[in-house]
Structures are given as C-alpha cells and as structure tokens.
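Under this note's numbering, the first residue of the sequence shown carries the number 618, and numbering increases by one thereafter. Glycine included, every Cβ here is placed at the ideal spot set by N, Cα and C. The structure appears below as structure tokens.
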Amino acid sequence: MEIVEGAYHGKVVVPEFQRSFVWGREDIEEFLASVLQGYFVGTFLMLDTSPDSPLFPFRLVEGVEEANNHANPQKYSTVRLVLDGQQRITSVFYVLYAPKIPLRNTKHPYRFYLRLEPALKGDFDEAIVSISDWDKRRLSEIQRAVRKGEAIPFTLLADPRDFRRWLFREQGRWKDENQDQLDALYSRFEQFMVPVVHLSPSTRKDNIVDIFERINRTGVSLSLFDLAVARLYPEGIKLRELWEQFEKEYPEIAGLIKPEFLLKVIAIFQGKEPRKGNLLDVLDELTAEGFRERWSEAVEAIVLAYQRVRTEYGAIKPEWIPYTTMLVPLGALLWELKQAKAGQAAYKKLDAWYWGNVFAQRYDSAVDSKTFQDFRDVMSWVEGDPPPHWLRGLDVRSLNFFDVDEPRSAVYRGLMCIIARRGARDFLTGQPANLNECQDDHIFPRAVYRKTYPEVDSILNRTLISRETNNRKSNKRPSEFLRECLKGHGNNLEELRKTLESHYILEDAYEALRRDDFEAFVKAREQALLNAVAMLLGQTASMSVEDRG
618 MEIVEGAYHG KVVVPEFQRS FVWGREDIEE FLASVLQGYF VGTFLMLDTS
668 PDSPLFPFRL VEGVEEANNH ANPQKYSTVR LVLDGQQRIT SVFYVLYAPK
718 IPLRNTKHPY RFYLRLEPAL KGDFDEAIVS ISDWDKRRLS EIQRAVRKGE
768 AIPFTLLADP RDFRRWLFRE QGRWKDENQD QLDALYSRFE QFMVPVVHLS
818 PSTRKDNIVD IFERINRTGV SLSLFDLAVA RLYPEGIKLR ELWEQFEKEY
868 PEIAGLIKPE FLLKVIAIFQ GKEPRKGNLL DVLDELTAEG FRERWSEAVE
918 AIVLAYQRVR TEYGAIKPEW IPYTTMLVPL GALLWELKQA KAGQAAYKKL
968 DAWYWGNVFA QRYDSAVDSK TFQDFRDVMS WVEGDPPPHW LRGLDVRSLN
1018 FFDVDEPRSA VYRGLMCIIA RRGARDFLTG QPANLNECQD DHIFPRAVYR
1068 KTYPEVDSIL NRTLISRETN NRKSNKRPSE FLRECLKGHG NNLEELRKTL
1118 ESHYILEDAY EALRRDDFEA FVKAREQALL NAVAMLLGQT ASMSVEDRG
C-alpha cells in the first residue's frame, strides 16, 4: 500500500520508455485474489532519481492525474521510477482510486467490488467482482448488495480509517468471528509486502535499459499448464506434445483458448470444480491411461462447443463469441448430451442456458465456480429438475440494450450473433451476405448524428453490412439510403421489408428510418431484439416484453 500511496502523491512514477497500462479486468481480478490470499506476486525493481534531473524522463502512474490533481513529483527530493512492476502497481491503484479511464480494449471504466460472504470462505473467484460503468443493471445489483452490507467497493480499502469506520458501523451485521476475519483480511491487503530491488542512482543508463529489457524478456511466470506438464511427465505423459497436436488439428480453436481449458473440462468430468487449486489434484487422481482418455474426451468437448457457437449461436467469427470461457461448461454439457443420445428438448434447455448467461453477463466474474455449478444444474434440469434459479429469475424486461456500445461486451456480441443468425441480408440486393466479411457499422451514420445523439454507437444503431454496401451507404441519411435500397430490390417494397427484417428492423423501425427519426428507430429496434431474446430463452422468459418499463 505504501507504494500505491506513493503513486497517488507523485512520489512513485513510471519512466517514459515503459509501455502504457495494458492489463485487462481478468488480469486485475487474478492479481487481487493473489494479494488477498497472501500469495507471492513477484518483486518490484525501482530506481531513485532526482525529479529535476532524472536519469530518464518520467510520467505519473496512469490514472493519478485524474484521481489526484495535486500529485506533484517536483515537491520530492527524489522520485522512485518503476522499472518492473508497473502493471501490478497500476492495477491496485486503479481498483482503489477508480479513475475514470477505460481498461484495455474497452470504452468504459470498470469498478471493482468485494462480495464479503465468499471472501470470508476464501472463495475469491466468487468474491471479486468487476463491472463496467455502462452496465447499469449489474451496478444497481452490486450497489444494493453494498447497501445491505453484503459487499464493499475496493475504493473503501484505500484509506484504513474509512474501512475501520465501515466495520464499526456494520458490527451488528456480523458475528465477532466474522468481524475478526474481515479485519484480518483487510490487514493482509493493507500490509501486503512485495520485495523491492533498488538500483543505485549511480547505475549507468545503458545498464538500466539492459536490465529492464532482460526482465521483460524473461519475466514470464510459470502457468498452470507448465505445472501440469511437469506433474505428468514422470507418468510418461508429454502434455506439451498433446497440446501441440491439438494446435495442429484445430489451429483456430487453439488460437482462441488457453491449454488450461482442456484441463478444466477434465476436472468437470472428474466431478471437481475447475479452479486452479483443484486441477493439479485431479491429475494426481488419474492413471496415465485414464488421463489420456479424459484428454481425448475434453478435446472432443471443446470442439463440439466451438462448432455450436459458430454454427448455431451466430458467432460468425471467433472474436464474436461472447465468452470464450463458456466453451468449458458448454463443451462438457454437449459431450454428456451426446453420450446420452439426448433429444431436442434437452438441447433447447442447453440453448436457453447459453443465451441466458450471455444476457445476464454471468461469466464476467467467478467463472470457475459458475462453470461447475452450471454443469450440474443443467444436467439436473435435463433430467427433470426445475431450471436453474438464476435463469428462472431472469426478466427480459430488465435488460437495457440502449446503453450497450462496447463491442467487447458479452451483450454486444450476443446481440450481433442474434442478428447474424437472422441472416442480415445485403441492404442493396436482398441477397445472402458473406457474413464473415461483413463490417459491424452504423445504420444512422456516426459522422452525421454523433453531435445530436451521443448514443449513436449503441448496438441498436449497428448491424452487419458488406464492405461494398457500406461504402455505398457512406454518410447518407437513412431515408436517402432506403430509396437506393428499394431501387436495388426492383422497387418491391415487400422484398425490401424482408431484407430489413433480417436485421431486426421491423415495421415501426422502418417507418422511423423513412423519417430519419433516430430515437423512434432505436426504441423500435430494441423492442424487436428484446422479443428475440425472450424467444431464445423459451418458457424461462415467456413474459410479455411489450409493456417493458
């Protein structure tokens, strides 16, 4: 915490030759879990230098300028340059001070919360939650949990006085034993120690650069897969060769997943939650022959999952898959259904589970515990039990697609997959489009409407358009482009309407396009997409969406 506080005040800075902050939310969640459990997280390499005549030009840690406009390195006789440890330090700063800057490959900031009950049980995969600022529904849910004393924002941990006041205020809610646990958990976080190697200010500049490059070239920690390779080698199993064979046979899938995905499927088949702490134990339970058999089953499972999301769920390109992590439970479920020679009813339940997860954004956090629970719940549902509790409670009317404008979000990708499943025919010709080559672009052109409607990037104003048609559309207003489209359909309005419907542009939305009425268009298109989602969820979400409030 002392180093992070130093960053807040401008005492700890980053040399200009360092790259920007590139960690994603999953990286941050994993690092926080390691810190809260007291795990070793490596070392930091620092160099003290004068702010007036520094060895290297430097900048504030990312986010500091916004969080503390009084941060001033010049008020210190020496500042501390972070040569190794920038991503780790910046991630903790980001979590504690919540600067309004997006994480890698996102448009919106993320906020981090700690759910207390799972934290007390040591289940940090379930306890640590990150939510995008645009996700009003999930923010509302977690803030309700905060008000109930069931969760806290990580920003509460920035100042020990704030945390202690909160703990005192909430003491009636927790048993003495739980209070002691929470206090110990905070102390572990606040007093977490990371070994720091300090370079002498007299170190030559070229030596410092050489050290920095060597660290970045060799500083890759052992992955779980590396440990599994070592664990299985004495049994005569060359795990790395098995993975290389998978890469050779399924290069597209191998480029999308981590090798650990296959180990997680094996854990599920062995009846274990696929969290890191369990995976090596699962390997110890299996004979060499048993492992090879399970590996083959896991390969088949992952391939089945990938094929289904591409052909049945509309992910026309790998990057459109809402959650690659869902390939693990989906694959395990598909493999089991295949062995059981399950019928259509079972697969419809599987489909409802899949789409429900996408639009509830359940796999944004606590992936491993949800994976195992979902596998058991869906198999029980297939065998005659009620649907999973969360799926029964998923209300389509609570979904808000208007604010969805982040292409990497599960909801954005899920809606684009639904549009792809519908066909998304070419606007000008009405012919089937080569969806693999289509562009994700605006219907009301951004260049024309962004000043009037900041929401022009919403998924409701986007669809799949061929490059050639998109070039023809350019910055034309919808009414003008519609006239061209009608001409391309031989002035057959009925045929044009069919093409528009393949993009979920139904009657009301069509009329709005004719009037160049953006607000009416996105409202009508949202209704069409909500109805589509309700249908995909089947009886689980059979409520009317017409009267959505």
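Other residues of its chain near residue i: CB distance less than 7 angstroms, five sequence neighbours each side excluded
i, result
"Leu731", "Ala744, Ile745, Ala768, Ile769, Phe771"
"Arg805", "Leu653, Gly655"
"Val882", "Ala915, Ala918, Ile919, Val945, Gly948, Ala949"
"Thr1046", "Gly1105"
"Gly1155", "Lys965, Ala969"
"His1059", "Val1073, Asn1078, Arg1079"
"Ala983", "Asp742, Glu743"
Residue from the options with nearest C-alpha to residue i
i, options, result
"Ile885", "Lys855, Gln990, Gly973, Glu807", "Gln990"
"Phe741", "Val811, Leu1146, Ser986, Ile854", "Ser986"
"Pro735", "Pro726, Gln798, Ala688", "Gln798"
"Phe976", "Ser1015, Pro946, Val995, Ala957", "Ser1015"
"Ile854", "Thr904, Ala957, Phe1138, Phe673", "Thr904"
"Gln1144", "Gln1048, Gly1155, Leu1032, Leu944", "Leu1032"
"Trp937", "Arg1030, Leu1153, Leu774", "Arg1030"
"Lys738", "Asp776, Arg782, Ala650, Ser670", "Ala650"
"Asp1057", "Pro946, Thr1069, Gly1047, Asn1088", "Asn1088"
"Glu858", "Gln887, Arg909, Ser817, Pro818", "Arg909"
"Asp1125", "Asn1109, Val899, Arg1142", "Arg1142"
"Arg764", "Arg1038, Arg754, Trp783", "Trp783"
"Arg1094", "Leu921, Glu1118, Gly1010, Leu1130", "Leu1130"
"Leu1117", "Gln1048, Ala688, Met1152, Phe675", "Gln1048"
"Ile933", "Arg1038, Met618, Gly888, Asn974", "Arg1038"
"Asp665", "Val678, Tyr693, Trp912", "Tyr693"
Residue i - partner residues in DSSP beta bridges
i, result
"Arg676", "Val631"
"Gly883", "The residue asked about is misnamed: residue 883 is Ile in this sequence, not Gly. Answer is none; Ile883 lacks a bridge partner."
"Val814", "Leu662"
"Asp1176", "Here the chain has residues from 618 to 1166 only, and residue 1176 is not among them."
"Tyr768", "A quick correction: the sequence has Ala, not Tyr, at residue 768. Arg732, per the DSSP bridge assignment."
"Val696", "Thr666"
"Asn727", "Per the sequence presented here, residue 727 reads as Tyr, with Asn not at that position. According to DSSP, which records beta bridges pairwise, Tyr727 is partnered with Ser749."
Straight-line gap, residue i to residue j (C-alpha atoms, nearest Å)
i, j, result
"Tyr803", "Phe780", "8 angstroms"
"Arg993", "Glu1000", "11 angstroms"
"Ala918", "Glu953", "9 angstroms"
"Cys1034", "Tyr930", "6 angstroms"
"Gly766", "Arg790", "8 angstroms"
"Glu794", "Gln654", "18 angstroms"
"Gly641", "Asp981", "12 angstroms"
"Ser667", "Arg821", "15 angstroms"
"Glu1136", "Leu672", "55 angstroms"
"Asp800", "Asp776", "13 angstroms"
"Asp1002", "Tyr1066", "50 angstroms"
"Leu1103", "Leu774", "60 angstroms"
"Ser997", "Lys1090", "50 angstroms"
"Lys893", "Leu841", "7 angstroms"
"Val813", "Leu662", "6 angstroms"
"Met581", "Val709", "Residue 581 falls outside the range modelled here, since the chain spans only 618 to 1166, and no answer is possible."
"Ser1026", "Thr941", "12 angstroms"
"Leu947", "Glu1072", "34 angstroms"
"Tyr714", "Gln796", "24 angstroms"
"Val1150", "Asp1043", "23 angstroms"
"Gln956", "Pro891", "21 angstroms"
"Asp644", "Asp1133", "43 angstroms"
"His1120", "Cys1055", "13 angstroms"
"Phe648", "Val658", "8 angstroms"
"Ile620", "Pro851", "43 angstroms"
"Ala1098", "Ser1075", "The residue asked about is misnamed: residue 1098 is Phe in this sequence, not Ala. Each residue's Cα considered, the two are about 20 angstroms apart."
"Ala1064", "Tyr1070", "11 angstroms"
"Gly973", "Asp1012", "10 angstroms"
"Val995", "Leu1081", "32 angstroms"
"Glu682", "Val631", "13 angstroms"
"Ser1083", "Thr695", "57 angstroms"
"Glu633", "Glu622", "20 angstroms"
Residues near residue i in its chain [Cβ-Cβ closer than 6 angstroms; skip 5 each side]
i, result
"Asn685", "Tyr625"
"Pro876", "Phe842, Trp860"
"Tyr711", "Gly680"
"Phe729", "Val712, Ser747, Phe771"
"Pro939", "Val975, Ala1027, Arg1030, Gly1031"
"Ala762", "Ala768"
Contact set for residue i: own chain, Cβ-Cβ below 8 angstroms, skip 5 residues either direction
i, result
"Leu844", "Leu897"
"Glu1023", "Thr723, Lys724, His725, Ser749, Trp751, Tyr1029"
"Glu787", "Gly766"
"Val639", "Gln704, Arg721"
Within-8 angstroms CB hit, residue i to chain B
i, result
"Glu767", "In the structure shown, chain B cannot be found, because there is only a single protein chain."
Discussion item. Just to confirm the assignment: which complete beta strand (DSSP E) runs, minimum length 3, are found wholly within the segment 1004–1081?
Written reply: 1056–1059
Item to complete: Please specify which runs of the alpha helix (DSSP H), each continuous and at least 4 residues long, are wholly inside the segment 955–999, giving them in chain order.
Response: 961–977, 984–999
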